[in-house]
Amino acid sequence: MDKNEISRREFVRRSTGAGIALAASPFFLEPGPADGATQTVSSSDRVHFGMIGIGMQGSGVLDTAVRLSGVECVAACDLHDDRQTLANQIIGAATSKTVATTRRYRDLLDNKDIDCVVVAVPDHWHKQIIVDACNAGKDVYCEKPMTHQVEEGFEIIEAARKNGRIVQIGSQRRSSISFAKAKELIGQGTIGEVNFVEAVLGRNSPCGAWVYAPPPGLSPENLDWKTWLGDAPTRAFDPIRFARWRAYKDYGEGLSGDLYVHALTGIHYVMGVEAPPQRAQSTGGLFYWKDGREFPDVMSTLYDYPNLRVAVSMTQCTNRDGVTRFFGPRGVIEIHDDGAQMTVTRQDGTDDAPCYYCTSYPEKMRDAYKKAWHEENDPKPGTAKAIEGTETYIFPPNYRDLNDHLWSFFESVKTRKPSVEDAVFGNNTSIACHMANHSYFHNSAALWDASRKRITA
1214 MDKNEISRRE FVRRSTGAGI ALAASPFFLE PGPADGATQT VSSSDRVHFG
1264 MIGIGMQGSG VLDTAVRLSG VECVAACDLH DDRQTLANQI IGAATSKTVA
1314 TTRRYRDLLD NKDIDCVVVA VPDHWHKQII VDACNAGKDV YCEKPMTHQV
1364 EEGFEIIEAA RKNGRIVQIG SQRRSSISFA KAKELIGQGT IGEVNFVEAV
1414 LGRNSPCGAW VYAPPPGLSP ENLDWKTWLG DAPTRAFDPI RFARWRAYKD
1464 YGEGLSGDLY VHALTGIHYV MGVEAPPQRA QSTGGLFYWK DGREFPDVMS
1514 TLYDYPNLRV AVSMTQCTNR DGVTRFFGPR GVIEIHDDGA QMTVTRQDGT
1564 DDAPCYYCTS YPEKMRDAYK KAWHEENDPK PGTAKAIEGT ETYIFPPNYR
1614 DLNDHLWSFF ESVKTRKPSV EDAVFGNNTS IACHMANHSY FHNSAALWDA
1664 SRKRITA
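So the mapping is simple: my numbering equals the position in the sequence shown, first residue as 1, plus 1213.
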């Protein structure tokens, strides 16, 4: 018997009215909180922030932040003078104002008119700026990943705690309406107990592989190269390293720090993960972008959490739709990175026909087994369960989870409510990213030693 054979039971299920429910119109997800926050707020009641870092990510974050209700940028900092110009172009387009700019981020920390800072700089500068900001009494929104080295996370946690500061890490899936809906559905038992999650993404372009052209005219005269290097090894001015810093160990974390961190943030949120993974095993290689970079362009990692396994796979060698899938015995939830939709594909976990193992029975025994199976399992007309099917959830037009994530941070600054992605959450995710790289470069499993707060092989 062909295992794809449609049984009488399946035919009835497909033919009865009870099997139509899941073919209904899609569900439309409600916009996030930032969508409704449009009221005019006086300058004295606004959150005043300073922007530190106006590069590719920082410019987008700044443009989003200055368009939120109740928020005002009052100063900007970047080590590259042209990016200071860019900051005022962005702010001016949104507000018709300009702000003071500087190369020194400490100027912003010393500014009494600034309530908080938004930080979008290379990874190797995250810890120092966050700690300095907390010590200066400023709340902090910092781009992902939170840290460049494992030990830095615990310094950040302590600085935030000691100074009573809000710290929010900028991996916006923590505020995404799609991941919130997935968390709700899983909590309701919609797909049963989830014990496996996978996240995949592929890019196939120079831009997707960080092969960015350095800014025209970049020079030591308009860039403070020495400060940009920070505590990284001293080296001669290098426009390529400035533009493509994610590809070098001194400044970034490669695929894990750029892409894994988003996937893991969403997974940790949905699954209620409150600690780093126990184990990580990575494989991959540098197959295409052999341009002097120090990280692989293909990497896959399998993570072990208590009662949960997570597989993350990223590539810069081929296009692959970004999807996060949550697997349970009653179905699969898929969240698509394109910001268009998520789906719930339900399963009932039962056989739709006599098990094909019966092909090993003698004919008479097989016929008796099939007859008994159908008598026991075939539904009666009008009593069939809903067939396996897919529910589709559509995002609002032009939805961006970055809006909600930034809005959430500024609300925390105003209300002092805990951040949705605080330093502890950000640290757990960053450690998972570090474990992936540790495993890849050591060619062995990476284990998290919680008592010593370190990764071991």
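Yeah, the Cβ is synthetic: ideal placement off N, Cα and C, and Gly gets one too.
Quantities reported herein were computed from a predicted structural model and do not represent experimental measurements.
**OP:** List the DSSP bridge partners of H1655.
**Re:** Numbered from 1 along the sequence shown, position 442 holds the residue referred to as residue 1655. When DSSP reads this structure, H1655 sits in no beta bridge, so it has no partner.
**OP:** Please report how far the alpha carbon of E1604 lies from the alpha carbon of I1399, in whole angstroms.
**Re:** By one-based count along the sequence shown, residue 1604 stands at place 391. By one-based count along the sequence shown, residue 1399 stands at place 186. Taking the CA atoms as reference points, E1604 sits about 14 Å from I1399.
Subject >> Length of the line joining the Cα atoms of R1280 and W1620 >> reply: Translated into the one-based positions of the sequence shown, residue 1280 becomes position 67. Translated into the one-based positions of the sequence shown, residue 1620 becomes position 407. In this structure, the straight-line span from the alpha carbon of R1280 to that of W1620 is close to 10 Å.
Original post:
Buried or exposed: which applies to P1446, given that a residue is buried once 16 or more other Cβ atoms fall within 10 Å of its Cβ?
Top reply: As a first step, residue 1446 must be located in the sequence shown, where it is residue number 233. It counts as exposed.
Original post:
Is the segment 1355-1364 close to the segment 1614-1631, with three or more CB pairs under 8 Å?
Top reply: Output reads no: the segment 1614-1631 does not touch the segment 1355-1364.
**OP:** Using the Cα positions of I1382 and L1615, report the straight-line distance between them to the nearest angstrom.
**Re:** As a first step, residue 1382 must be located in the sequence shown, where it is residue number 169. As a first step, residue 1615 must be located in the sequence shown, where it is residue number 402. Per the coordinates, the alpha-carbon of I1382 lies some 12 Å from the alpha-carbon of L1615.
Original post:
Can you check whether the CB of D1320 is closer than 8 Å to the CB of C1290?
Top reply: The residue you call residue 1290 lines up with position 77 of the sequence shown. The residue you call residue 1320 lines up with position 107 of the sequence shown. Contact: yes.
**OP:** Report all residues from its chain with a CB closer than 6 Å to the CB of G1245; omit the five preceding and five following residues, and keep chain order.
**Re:** Locating residue 1245 in the sequence shown gives position 32, counting from the first residue. Beyond the five residues adjoining it in sequence on each side, G1245 comes within less than 6 Å, by CB distance, of I1390 and D1617 in the same chain, given in chain order.
**OP:** Tell me, to the nearest whole angstrom, how far the beta carbon of R1457 is from that of Y1425; I am working on the premise that it is less than 8 Å.
**Re:** Position 244 of the sequence shown, counted from the start, is the residue given in the question as residue 1457. Position 212 of the sequence shown, counted from the start, is the residue given in the question as residue 1425. Sure, about 6 Å apart at Cβ, within 8 Å.
Original post:
When you compare only the Cα positions, how much space is there between A1659 and K1325?
Top reply: Translated into positions along the sequence shown, residue 1659 becomes position 446. Translated into positions along the sequence shown, residue 1325 becomes position 112. Approximately 44 Å between the Cα atoms of the pair.
Original post:
Of the residues L1468, L1242 and V1363, which one's Cα is nearest the Cα of N1640?
Top reply: Position 427 of the sequence shown, counted from the first residue, corresponds to residue 1640. Distance from the Cα of N1640 is smallest, within the candidate group L1468, L1242 and V1363, for V1363.
**OP:** Classify A1236 as buried or exposed, calling it buried when 16 or more other Cβ atoms lie within 10 Å of its own Cβ.
**Re:** As a working mapping, residue 1236 is identified with position 23 in the sequence shown. Since pLDDT at A1236 reaches only 48, below the 50 mark, its modelled position is unreliable, and no value is offered.
Original post:
Is M1359 helix, strand or coil when you go by DSSP?
Top reply: In the sequence shown, residue 1359 corresponds to position 146, counting from 1. The answer is coil: DSSP assigns M1359 none of H, G, I, E or B.
Subject >> Identified DSSP bridge partners for Q1297 >> reply: Counting from 1 along the sequence shown, the entry for residue 1297 is found at position 84. DSSP lists no partner for Q1297.
Original post:
Cα separation between Y1464 and P1427?
Top reply: Sequence index remark: in the sequence shown, residue 1464 carries index 251 (1-based). Sequence index remark: in the sequence shown, residue 1427 carries index 214 (1-based). Spanning the two alpha carbons is a distance of roughly 16 Å.
**OP:** Given a cut-off of 8 Å, decide if L1275 and I1286 are closer than it, judged by their beta-carbon atoms.
**Re:** As a first step, residue 1286 is located in the sequence shown; it is residue number 73 there, counting from the start. As a first step, residue 1275 is located in the sequence shown; it is residue number 62 there, counting from the start. Per the sequence shown, the amino acid found at residue 1286 is Cys instead of Ile. Less than 8 Å divides the Cβ of C1286 from the Cβ of L1275.
Subject >> Where M1512 falls, given that 16 or more other Cβ within 10 Å makes a residue buried >> reply: Mapped onto the sequence shown, residue 1512 falls at position 299. Buried: at least 16 other Cβ atoms inside 10 Å.
Original post:
With 16 other CB atoms within 10 Å as the buried threshold, where does G1470 fall?
Top reply: By 1-based counting over the sequence shown, the position of residue 1470 is 257. It counts as buried.
**OP:** Please name the residue or residues paired with M1527 in a DSSP beta bridge.
**Re:** One-based indexing of the sequence shown puts residue 1527 at position 314. According to DSSP, which records beta bridges pairwise, M1527 is partnered with L1414 and M1512.
Original post:
Can you tell me the Cα-Cα spacing of K1503 and T1531, whole angstroms?
Top reply: Taking the first residue of the sequence shown as position 1, residue 1503 is located at position 290. Taking the first residue of the sequence shown as position 1, residue 1531 is located at position 318. When rounded, the separation of the alpha-carbon atoms in K1503 and T1531 is 15 Å.
Original post:
So does the segment 1524-1544 actually touch the segment 1485-1503, counting three or more Cβ pairs closer than 8 Å?
Top reply: Here the segment 1524-1544 lies against the segment 1485-1503, with 3 or more beta-carbon pairs under 8 Å apart.
Subject >> Residues near R1259 by beta carbon distance below 8 Å, same chain, minus five either side >> reply: Taking the sequence shown and counting its residues from 1, the one referred to as residue 1259 is at position 46. G1283, V1284 and E1285.
Subject >> Proximity of G1266 and A1333 at Cβ, strictly below 8 Å >> reply: Locating residue 1266 in the sequence shown gives position 53, where the first residue counts as 1. Locating residue 1333 in the sequence shown gives position 120, where the first residue counts as 1. In this structure, A1333 lies closer than 8 Å to G1266 by Cβ.
**OP:** For P1509, I'd like the list of residues in its chain whose CB is within less than 6 Å of its CB, leaving aside the five on either flank, ordered along the chain.
**Re:** Numbered from its first residue, the sequence shown carries residue 1509 at position 296. If we look at P1509 and ignore the five residues flanking it on each side, its Cβ neighbours are G1497, G1498 and L1499.
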